[in-house]
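There are 2 protein chains.
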Amino acid sequence: MAHRVPDLAALELLLAVARLGSLGRAARELGITQPAASGRIRSMERLLGVALVDRSPRGSRLTGAGALVTDWARRIVEAAEAFDAGAQALRDRRDSRLRVVASMTIAEYLLPGWLVALRARWPDTAVSLLVGNSAVVAERLLAGEADVGFVEGIGVPAGLDGVVVAQDRLVVVVAPGHAWARRRAPIGAAELAASPLILREEGSGTRAVLDAALGGLARPLLELSSTTAVKSAAVSGAGPAVLSELAVGEELAARRLVGIPVDGVRLRRELRAVWPVGHVPAGPVRQLLSLTRGVG
Amino acid sequence: MAHRVPDLAALELLLAVARLGSLGRAARELGITQPAASGRIRSMERLLGVALVDRSPRGSRLTGAGALVTDWARRIVEAAEAFDAGAQALRDRRDSRLRVVASMTIAEYLLPGWLVALRARWPDTAVSLLVGNSAVVAERLLAGEADVGFVEGIGVPAGLDGVVVAQDRLVVVVAPGHAWARRRAPIGAAELAASPLILREEGSGTRAVLDAALGGLARPLLELSSTTAVKSAAVSGAGPAVLSELAVGEELAARRLVGIPVDGVRLRRELRAVWPVGHVPAGPVRQLLSLTRGVG
DNA sequence: ATGAGGACATAACCTGGGCTTATGAGTGCT
DNA sequence: AGCACTCATAAGCCCAGGTTATGTCCTCAT
């Protein structure tokens, strides 16, 4: 698989060429020499079997295929940037200026994007990240070992203040081929509770919200231990699944999964930024919050 | 940037270790030796500055940080698979069994996912891909140079039959900091037509749909020549933008953009699979359609 | 207890991709 | 004409990452 996809450096080079219109300028921007860039693009074209750029004595322009490939490449590079931002935070365990402690869902799906944005606007803010459930978040904040926390759930842990930064909604999804994908009427609470569903295991946050909403009645068709596994099962048509909207945003947009409207069930939960009471967010914390809520 | 992100082979190895629970088995699956896998994981941990797997004499299990990193890595690998599927199709432009011609939006956002699924289920189907507007799609199909086409828009070009495979909806989006992000009431047609918007250039499919819906009245604040540019401008807070839901699914899920409800304007458009009249879809075409509509 | 087997680590060696510098050739502006 | 810009080619160097061969540790079955 990896054999047929150019490496990240090559993809970034391609994006730079697309943006700057010249191999040489792209090379300079990436800190390599022009022949290196030339060779890299050439070997990428050989790998893909498609001409990507039109060279001319006064610059290089993408071919039609090149434009398409560049768009696919951009997806990879963006995912890599999110990875990098998250990894960077994970690496700087202590002694960094902004210490974040967050729940798994937020750390997985939201934080990388925020960190990319944070670094774009305030490149000098060093961020560290710790992952844990609500209890861990509260403990670290109150011990002064973290500057800001993110939790999902109904309330704010004792001793903390907070604001809602996002809504998470659980959604019922099925593969496009499933019978439910063609129904017009929303599903009611009773029917949902009676239907066997693909779910996270008991004890997970997602499962807890669903059980609470239904009154502890969710019937498992499959119980899987990771969000990804649930998603894969649903995509492959095993049955209806209940998942965080955050986890399936891409699948819904691409129609690999279809969302089924639900009626009479409260499947929202708030995602909150939290901090010790009295500690008014300032400095880096405020910067981060401004990105998540758009108040800055 | 690329310096701090492991290469794709390393990320795939990490996913394999997570799945199989053993360095050696993961190595075997990827066709390399155990010491190579061991070294690769080690150098990845050195690069990230975080322990990713717990080695024991009876297997390897992910650490907490490792699980998080693995999830981020999965995003990159999935993007790479889509890239590969698209590139493969582009490469086999000639002499292949399933020749697809599609519009830009579909080729960029939907086809890669379909092709990954197609290859997973029918690995021997060689796919080729050509991109063009509706006229090009019709021309190729009628000339017998393509087996199936995908178009976006209101109707089916003359001489072709088709089915709707997905709905595309134009959405109005703003950055979370924009004033509209906090309004409760939907925007009406008149207000939308009166507001300066970030738009694709005139002549693009997206712009055509918007102009038609508003009666040719859209007021540009910025006119940009690519979907990506419009998206970037909107994310950076330049103003409200109108974009295909497909293009912003990820940004909406991650709350980098906020969708504004619109009232009284028909912003849907159908995405259709098309073929020459009389040509009942069969073989590979039918396989592909079964993935897009879930009827197979 | 003791030996077999699996899993990971270490060591020594080898190969090739990708970088660099140096240079040539085509185009257009002044 | 000549400068300034583009990209291509050639020759040489370096090291990341692979391989084979071995060592250590644990567990399980005889």
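Listed in order, the protein sequences are those of chains A and B.
Going left to right, the first sequence walks through residues 85 to 380 as our numbering numbers them.
Going left to right, the second sequence walks through residues 85 to 380 as our numbering numbers them.
Heads up, the beta-carbon is just placed ideally off N, CA and C, and yes, glycines get one too.
Apart from sequence neighbours up to five positions away, the residues of its chain that approach A/ALA135 with a beta-carbon distance below 8 Å are GLU129, THR147, ALA149 and GLY150, ordered along the chain. Annotation for B/GLY289: the continuous alpha helix (DSSP H) segment containing it runs 289-298.
Around the beta-carbon of A/LEU301, fewer than 16 other beta-carbon atoms lie within 10 Å, marking it exposed. Contact annotation for A/VAL153 against chain B: PHE167, GLY170, ALA171 and LEU174 [CB-CB distance below 9 Å, chain order]. Looking at the DSSP output, A/PRO90 shares a beta bridge with no other residue.
Judged by beta-carbon spacing, B/VAL211 lies within the 8 Å limit of B/GLN172, meaning their Cβ atoms are closer than that value.
B/ASP208 does not reach chain A, its nearest Cβ partner there being about 17 Å away, counting only Cβ pairs nearer than 8 Å. Using a Cβ distance threshold of 8 Å, A/LEU92 and B/ASP91 count as a contacting pair. A distance below 8 Å separates the beta carbons of A/GLU236 and A/GLY289.
In terms of CA proximity to A/VAL215, A/GLU223 leads the group A/GLU223, A/ARG266 and A/GLU96. When the beta-carbon positions are compared, B/ALA201 and B/LEU330 stay at least 8 Å from each other.
In the DSSP assignment, B/ARG352 falls within the beta strand (DSSP E) that extends over 352-360. DSSP places A/GLU285 in the coil class of the three-state scheme, outside both helix and strand.
According to the DSSP assignment, B/ASP245 belongs to the beta strand (DSSP E) that extends over 244-258. Judged by DSSP in its simplified three-state form, A/VAL101 adopts helix.
DSSP, reduced to helix, strand and coil, places A/GLU236 within a strand of the structure shown. DSSP places B/LEU308 in the uninterrupted beta strand (DSSP E) bounded by 303-308. The criterion of a C-beta distance shorter than 8 Å is not satisfied by A/GLN371 and A/TRP198.
Any Cβ of chain A closer than 8 Å to the Cβ of B/PRO196 would place that residue at the interface, and such an atom is present. The beta carbons of B/LEU98 and B/ILE116 sit no closer together than 8 Å.
Interface with chain A (8 Å Cβ-Cβ cutoff): B/ALA338 is included. C-alpha of A/GLY343 to C-alpha of A/PRO260: approximately 9 Å in a straight line. Just so you know, the alpha carbons of B/VAL361 and B/VAL161 end up roughly 39 Å apart. Around B/PRO368, the same chain offers ARG181, LEU182 and THR209 as residues with beta carbons nearer than 6 Å, after the five sequence neighbours per side are excluded. Among the residues facing chain A, B/VAL215 is included, as its CB has a counterpart in that chain under 8 Å away.
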